[in-house]
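The structure under discussion appears below in the form of structure tokens.
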Amino acid sequence: MGLGYHNVGYAFQHIGHRSDRWRGMLQKLNTDCLVTDSVWKITAVFRYFDEHGVYEVECDKYDPKAKHSCPVFQVDFFTMGDIEFVTSGPMMNENRHDFKVGGWNRLEHTLEVTAEMASYETAWIYINSVEPGFNYEIDDVKM
26 MGLGYHNVGY AFQHIGHRSD RWRGMLQKLN TDCLVTDSVW KITAVFRYFD EHGVYEVECD
86 KYDPKAKHSC PVFQVDFFTM GDIEFVTSGP MMNENRHDFK VGGWNRLEHT LEVTAEMASY
146 ETAWIYINSV EPGFNYEIDD VKM
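Using the numbering used here, you'd call the opening residue of the sequence shown number 26 and step up by one each time.
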């Protein structure tokens, strides 16, 4: 764990080999609150590092599908044992401040829960869009 945002506590630090862009920090969500037409603001701060986790490097904050995109959240809705699911896909970062190498950068997403999403029993939120070989720290996650 790295030193947290504003040097308080610790940040989640993902260092190591990932085989895919979507293999990031994952959290299971309580779906009781994820009802049809509810709107959720998801925010966090992050830093982005090279493959050794030592040097902070720049990433593309505005295109979650770009080769060197910054971390973003994705939310998947499903029922265990079922092959059907619905996903938000890699969400666009709504924060429009320029990326700061060496500083904490803000993530902002809006999730609007559809009737289809709300019909599933399970929801996972996780970090997506980090190229294999790159590392990140994330802190101050709120939903």
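Cβ atoms here follow ideal geometry from the backbone N, Cα and C, with glycine treated the same way.
Residue burial classification, residue i (beta-carbon count within 10 angstroms, cutoff 16)
{"i": "V126", "result": "exposed"}
{"i": "I152", "result": "buried"}
{"i": "D57", "result": "exposed"}
Integer Cβ distance of residue i from residue j, believed to fall under 8 Å
{"i": "S113", "j": "S154", "result": "Rounded, the Cβ-Cβ distance is 12 Å, inconsistent with contact."}
{"i": "V166", "j": "L59", "result": "No, V166 and L59 are not in contact; Cβ-Cβ is about 16 Å, not under 8 Å."}
{"i": "D101", "j": "A148", "result": "7 Å"}
{"i": "E81", "j": "F71", "result": "Their Cβ separation, rounded to whole angstroms, is 11 Å, which puts E81 and F71 out of contact at 8 Å."}
{"i": "F37", "j": "E162", "result": "7 Å"}
Of the residues the options, the one placed nearest residue i, counting alpha carbons only
{"i": "T135", "options": "L28, A69 and R48", "result": "A69"}
{"i": "N55", "options": "A91, I67 and I150", "result": "I150"}
{"i": "E133", "options": "K92, E119, S63 and F124", "result": "E119"}
{"i": "I67", "options": "Y161, P115 and G158", "result": "P115"}
{"i": "K53", "options": "T104, H39, Y35 and P89", "result": "T104"}
Contact between the region 28-46 and the region 139-148: three or more CB pairs below 8 Å?
no
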